[in-house]
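If you count by our numbering, then the sequence shown holds residues 6 to 370, one letter each, in order. What follows is a set of notes on a single structure, which appears directly below.
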Amino acid sequence: MAEKLSEISALDLLEARTKASWPNIRSARSQSGVTKKLLEDTLGGFTSSDSSIVVVGSLARQEFTSGSDVDWTLLLDGISHPEHLKVAQEIRKSLKDLDIRQPGREGVFGTIASGHDLIHHIGGQDDTNANTTLRILLLLESDTIGHPDAYERVLRNVLWRYLDEDRGLWLGSGEYKVPRFLFNDVARYWRTMTVDFAYKQRNRQNEGFAIRNLKLRMSRKLLFLAGMVACFECHCGFASKEERQEFYSLKQVQAVIERLRLVLMKPPLEILASALLRNPNLDLQSKQLFDSYDEFLGMLADDTPSCGGQTIREHLDKLPVERLGSDETASRGRDISHRYRDAIGAIFLSDKNELGRMTIEYGVF
Numbered sequence: 006m007a008e009k010l011s012e013i014s015a016l017d018l019l020e021a022r023t024k025a026s027w028p029n030i031r032s033a034r035s036q037s038g039v040t041k042k043l044l045e046d047t048l049g050g051f052t053s054s055d056s057s058i059v060v061v062g063s064l065a066r067q068e069f070t071s072g073s074d075v076d077w078t079l080l081l082d083g084i085s086h087p088e089h090l091k092v093a094q095e096i097r098k099s100l101k102d103l104d105i106r107q108p109g110r111e112g113v114f115g116t117i118a119s120g121h122d123l124i125h126h127i128g129g130q131d132d133t134n135a136n137t138t139l140r141i142l143l144l145l146e147s148d149t150i151g152h153p154d155a156y157e158r159v160l161r162n163v164l165w166r167y168l169d170e171d172r173g174l175w176l177g178s179g180e181y182k183v184p185r186f187l188f189n190d191v192a193r194y195w196r197t198m199t200v201d202f203a204y205k206q207r208n209r210q211n212e213g214f215a216i217r218n219l220k221l222r223m224s225r226k227l228l229f230l231a232g233m234v235a236c237f238e239c240h241c242g243f244a245s246k247e248e249r250q251e252f253y254s255l256k257q258v259q260a261v262i263e264r265l266r267l268v269l270m271k272p273p274l275e276i277l278a279s280a281l282l283r284n285p286n287l288d289l290q291s292k293q294l295f296d297s298y299d300e301f302l303g304m305l306a307d308d309t310p311s312c313g314g315q316t317i318r319e320h321l322d323k324l325p326v327e328r329l330g331s332d333e334t335a336s337r338g339r340d341i342s343h344r345y346r347d348a349i350g351a352i353f354l355s356d357k358n359e360l361g362r363m364t365i366e367y368g369v370f
């Protein structure tokens, strides 16, 4: 993903225009590039034209810090072979040898996935939680290690499903051209994450509550915002109303896929910055949003041991839920998330800008 960005990103331009300073975002972006290069050198040989190593999470978002893990999947788009299991095992071993943290305990990542299920099981009882998770993350926060061929084919076919079957996008009489099928699945995943948070809270007996709660309020919410903005780009990415009307006068599924790919190949922060860069009247709110996110990444990246010998990340991971209200670090994280929430609300829940009007139109009903 990093190599696909222009030399001066929208995020850098917005930082300069708002006279802000986001050093933690820049540092995480740099560390993500270094880590990806290491993985390319180590794992690139495990892929082929029919298989791609797909990474999601902080590495794909270009928010990698010293305490991050690498969430990966061996994605297949072709005939399955018994050797694929051995390849997945070798990937795990190689990551362990690099002393890189492996995926979490839920079992969604660190394994093999088939493009067939991602493409054909959208909705319905066969669209499992794991399948939905992988499909939406494939769209919104993914990158590849090694050969990208299988990844690109699966991703484009998933987008084809969403767009080709969206009758309202092509024939609807409404003001906005937003792919509702895709947007509704993005919104469903956001709600799924919030419900799964409660499930994990119960299943893990509140273990890791503070760090997971902070991530839900910050990076998980960012993912939903980026997906929503990407859908809005199907409407906003035109020079004039007449150009948009002419474009949608024909059913051009492939052309919309290309438009979406140009957006989705960027990390979520860049997607958001690109949209806000076109709205200078929102610079104050944009600065508050990215200021708070930069501070959040700074907390995760701070590996200085406290008096208890723990980093901030470790402290929040081990903090008993009973101490949330009195803990200074947890309070700081909560304050950051509130400033972030308020900035998002000022932008996306206001009828005084197009992003806000579209959110009001599509965000709930």
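Just so you know, even glycine gets a beta-carbon here, dropped at the ideal spot from N, CA and C. A quick note: this is a predicted structure, and the numbers were derived from the prediction, not measured.
Between the CA atoms of residue j and residue i - distance to the nearest angstrom
i	j	result
residue 207	residue 124	32 Å
residue 85	residue 79	12 Å
residue 283	residue 370	26 Å
residue 97	residue 91	10 Å
residue 195	residue 23	29 Å
residue 6	residue 246	Its pLDDT being 46, under 50, residue 6 is placed unreliably by the model, and the measurement read from it follows with that caveat. Cα-Cα distance, rounded: 31 Å.
residue 310	residue 301	17 Å
residue 114	residue 239	30 Å
residue 358	residue 39	38 Å
residue 222	residue 274	15 Å
residue 173	residue 126	21 Å
residue 350	residue 364	10 Å
residue 36	residue 107	17 Å
residue 272	residue 305	18 Å
residue 251	residue 165	21 Å
residue 353	residue 134	28 Å
residue 279	residue 34	16 Å
residue 366	residue 180	10 Å
residue 69	residue 224	12 Å
residue 168	residue 229	19 Å
residue 236	residue 213	33 Å
residue 3	residue 191	A query on residue 3 cannot be resolved here, the shown segment of the chain reaching from 6 to 370 and no further.
residue 290	residue 102	44 Å
residue 218	residue 232	20 Å
residue 371	residue 361	No answer is possible for residue 371: the residues shown for the chain start at 6 and end at 370.
residue 42	residue 254	44 Å
Span of the beta strand (DSSP E) around residue i
i	result
residue 81	76–81
residue 57	56–61
Span of the alpha helix (DSSP H) around residue i
i	result
residue 21	15–22
residue 199	185–208
residue 234	226–241
residue 2	Lying before the first or after the last residue shown, residue 2 is absent from the chain, which here runs from 6 to 370.
residue 127	Taken as a continuous stretch (DSSP letters only), residue 127 belongs to no alpha helix (DSSP H), as it is neither H nor E.
residue 175	172–176
residue 27	Looking at the DSSP string, residue 27 is not in any alpha helix (DSSP H), and its letter there is neither H nor E.
residue 284	First-last for residue 284: undefined, no H or E at that position.
residue 181	Counting along the chain, residue 181 falls outside any alpha helix (DSSP H), and DSSP gives it neither H nor E.
residue 169	154–169
residue 318	317–323
residue 222	Neither: residue 222 is in no alpha helix (DSSP H) and is coded neither H nor E.
residue 361	359–367
Identity of the residues DSSP links to residue i by a beta bridge
i	result
residue 335	Bridge partners of residue 335: none, in fact.
residue 119	81
residue 106	74
residue 53	56
Would you check if there are 3 or more beta carbon pairs closer than 8 Å linking the region 249–269 to the region 312–331? no
State whether the region 280–299 contacts the region 338–346, with contact taken as three or more CB pairs (one from each stretch) at a distance under 8 Å. yes
Within 8 Å, do at least three Cβ pairs link the region 24–31 to the region 52–61? no
Ignoring anything shorter than 4 residues, give me the alpha helix (DSSP H) runs that lie fully in the region 242–303, in order along the chain. 246–252, 258–269 and 273–282
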